[in-house]
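Per the working numbering, the very first residue in the sequence shown carries number 26; after that it's consecutive. For every residue, glycine included, the Cβ atom is placed at its ideal position computed from N, Cα and C. Single-structure report; data block below.
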Amino acid sequence: MSKTKAPVASAAGSTSKDPGDALLMRDVRVSLPSAHGALKVIRGVTFTAGRGEVVALAGESGSGKSTSILAALRLLPPGAEVTGSVVLDGTDVLAMPRRKVRELRARRARLVFQDPWRALHPMKQIGAQLIESARSADPGLSRRAARELAEETLARVGIPEPAARMSSHPHEISGGQAQRVVIAMALVARPAVLFCDEPTTALDVTTQAQILELLRDLNRELGISIVIATHDLDVIADVADRLVVMYAGEVVEEGPTGEVLASPRHPYTWALLRAAPGIGGGDRLQAIEGRPPSPAEDPPGCAFAPRCPSAHDVCRTVRPAPREVAPGRMTACLRAEGYGPIPVEVIR
Ligand code: ADP
Ligand code: MG
26 MSKTKAPVAS
36 AAGSTSKDPG
46 DALLMRDVRV
56 SLPSAHGALK
66 VIRGVTFTAG
76 RGEVVALAGE
86 SGSGKSTSIL
96 AALRLLPPGA
106 EVTGSVVLDG
116 TDVLAMPRRK
126 VRELRARRAR
136 LVFQDPWRAL
146 HPMKQIGAQL
156 IESARSADPG
166 LSRRAARELA
176 EETLARVGIP
186 EPAARMSSHP
196 HEISGGQAQR
206 VVIAMALVAR
216 PAVLFCDEPT
226 TALDVTTQAQ
236 ILELLRDLNR
246 ELGISIVIAT
256 HDLDVIADVA
266 DRLVVMYAGE
276 VVEEGPTGEV
286 LASPRHPYTW
296 ALLRAAPGIG
306 GGDRLQAIEG
316 RPPSPAEDPP
326 GCAFAPRCPS
336 AHDVCRTVRP
346 APREVAPGRM
356 TACLRAEGYG
366 PIPVEVIR
């Protein structure tokens with residue numbers, strides 16, 4: 026709790042003191058209430074984001090990316106049932122009292138949404154919103170120090186004439202600038218982990234690239250761990266250290282981004298890649314046929330089997346467990362090794 030100026034450069038300064046990973050999700054399952062009973066929306070999600078790492082959650086719309094992030098931050102609607110374990114910045118999120126979770130969300134783990142306009146108050150000056158965010162994270166910060174931090178952070182995220190922008194209202198800036206302001210609002214809290222849910226989906230392609238570059242720079246310079254959810258593989262190819270591919274509420278593949286994109290070990294990742302114009306597609310660009318199952322279906326075998334070109338009979342009856350297929354590479358496909366006998370331990 027410093028009363029003096031808190032430099033942007035130490036944004037994630039205290040992370041070195043914290044042992045362990047930035048985020049650890051272990052067999053997280055989420056049921057959401059619906060008119061037709063509880064929907065199993067997340068069906069055993071496990072992944073880790075290391076300190077200073079950028080991890081992308083990728084998958085079609087409806088695969089459970091947002092729900093996973095909301096579960097990690099305890100932001101799911103009332104009635105949601107969550108099991109498994111979430112350790113965020115060294116604390117057990119699911120066991121914490123609500124007050125502590127709110128504190129964690131104000132200080133250590135911030136969330137940036139797809140639509141910057143929803144995160145900004147239309148009637149309040151940008152500066153006031155930044156100052157409020159800084160002081161909610163550190164109530165000991167003086168107004169003056171918070172103002173300096175806000176201005177410095179606006180400059181850091183690439184807002185021209187930050188001092189003048191402090192008194193602007195959100196409607197006076199572009200969508201790209203608004204997303205920069207929202208990122209600045211998160212940064213003034215000096216978080217250890219930044220969750221970005223489709224942070225560029227609402228923006229044009231050029232602005233998308235600039236925002237992603239900004240996130241990458243912030244990660245490199247400040248050591249902030251970043252978890253980005255996106256339905257668009259093109260978006261994260263150059264940004265994410267590791268890729269976590271989700272399908273129908275499960276993680277189907279995980280590994281270093283370059284390796285996963287160069288040689289996917291799950292047919293769903295292949296399919297996603299073929300559908301990505303920038304990296305995999307080109308003239309092969311091909312939409313994935315069919316639709317993901319609805320959470321109400323909860324099929325017995327592999328959830329991707331009905332759409333999978335390499336599905337075998339067994340894939341429709343046996344649920345594949347995630348397993349390591351190469352160092353640091355995980356996949357949940359019975360057939361990752363080809364057509365040989367299926368090892369017993371891969372059955373979920
Ligand atoms: P993604 O972010 O990957 O697009 P979501 O996490 O938003 O996916 O959604 C995962 C699944 O959960 C989808 O089938 C969606 O329809 C369902 N879902 C999300 N939120 C709710 C909710 N509040 N009530 C019922 N179902 C929901
Ligand atoms: Mg989403």
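Environment of E223 [buried if 16+ CB atoms lie within 10 Å]: buried
Examine the ligand ADP and report whether any of its heavy atoms sits within less than 6 Å of the Cβ of V66. yes
Sheet register partners of S250 (DSSP bridge): The partner list for S250 (beta bridge, DSSP) reads V218.
D338, buried or exposed, once every other Cβ within 10 Å from all chains shown has been counted against 16: exposed
With 16 as the cutoff for other CB atoms within 10 Å, does A357 come out buried or exposed? buried
Among residues of its own chain, excluding the 5 on either side of K30, which ones have a beta-carbon nearer than 8 Å to its beta-carbon? With a pLDDT of 43 at K30, under the threshold of 50, the modelled position of that residue is not reliable, and the figure given next carries that caveat. Cβ neighbours of K30 beyond the five flanking positions: A170, E173 and L174.
If you count every other CB in all the chains shown that lies within 10 Å of the CB of K149, and 16 or more means buried, which is it? The residue is exposed, with fewer than 16 neighbouring Cβ atoms inside 10 Å.
Would the stretch 119-129 count as touching the stretch 140-158 if we require 3 or more Cβ pairs under 8 Å? no
Just verifying my parser: in three-state terms, what is the DSSP assignment at P281? strand
Close-in-space but distant-in-sequence residues of the same chain around A214 (CB under 7 Å, 5 per side omitted): A131, R132, R135, S158, A159 and A162
Which residues, in chain order, sit with a beta-carbon under 7 Å away from any heavy atom of the ligand MG? S86, K90, S91, D222, E223 and A254
Is it buried or exposed for H452, if we count other Cβ within 10 angstroms and need 16 for buried? No statement about residue 452 is possible, as the shown extent of the chain runs from 26 to 373 and does not include it.
What did DSSP end up calling R360 once you bin it into helix, strand or coil? R360 falls in the coil class under three-state DSSP.
Considering just the uninterrupted stretch of the alpha helix (DSSP H) at M210, what are its terminal residues? Looking at the DSSP string, the run of the alpha helix (DSSP H) that includes M210 is G200 to L212.
Once DSSP output is grouped into helix, strand and coil, what is the label at D323? coil
Pair every Cβ in the stretch 319-330 with every Cβ in the stretch 344-361, then say whether three or more of these pairs are closer than 8 Å. yes
Euclidean distance between Cα positions of A262 and V66: 26 Å
Taking all protein chains shown into account, decide if A189 is buried (16 or more other Cβ within 10 angstroms of its Cβ) or exposed. exposed
For S110, name the three-state secondary structure that DSSP assigns. strand
On the DSSP bridge list, what partners appear for I67? V55
Suppose you measure from the CA of A361 to the CA of E279; what does that come to, to the nearest Å? 13 Å
Roughly how many angstroms lie between the CA atoms of G353 and P281, to the nearest whole one? 7 Å
Pairwise C-alpha distance: Q233 and H256: In a straight line, the C-alpha of H256 is about 14 Å away from that of Q233.
Would you mind working out which of P187, S88 and V230 sits nearest A209, comparing C-alpha positions? P187
Does DSSP put T178 in a helix, in a strand, or in coil? helix
Cβ-heavy atom distance, L179 to the ligand ADP, below 6 Å: no
Just to confirm before moving on: does the CB-CB distance between T71 and R51 stay below 7 Å? yes
Sort out for me which residues DSSP pairs Y272 with in a bridge. E275
Using a Cβ-Cβ cut-off of 7 Å (strictly less than) and excluding sequence neighbours within five positions of K183, which residues of its own chain qualify? Reading off the sequence shown, one finds Gly at residue 183, where the question assumed Lys. Contacts found: R205 and L239.
Does the ligand ADP have even one heavy atom less than 6 Å from the beta-carbon of L57? Indeed, a heavy atom of the ligand ADP lies less than 6 Å from the Cβ.
Ignore the nearest five residues each way along the sequence and tell me which others in T40's own chain have a CB closer than 7 Å to its CB. With a pLDDT of 41 at T40, under the threshold of 50, the modelled position of this residue cannot be trusted, and the question is left open.
Taking only the alpha-carbon atoms, compute the straight-line gap between L297 and L359 and give it to the nearest angstrom. 19 Å
Where does M355 fall in DSSP's three states? Reduced to three states, the DSSP call for M355 is strand.
In chain order, what residues of the same chain lie with their CB nearer than 6 Å to the CB of G45, ignoring the 5 residues before and after it? G115
Please work out which residues of its chain come closer than 6 Å, Cβ to Cβ, to S193, disregarding the five sequence neighbours upstream and downstream, and give them in chain order. I151
From A97, G104 and P102, residue whose alpha carbon lies closest to that of S110: A97
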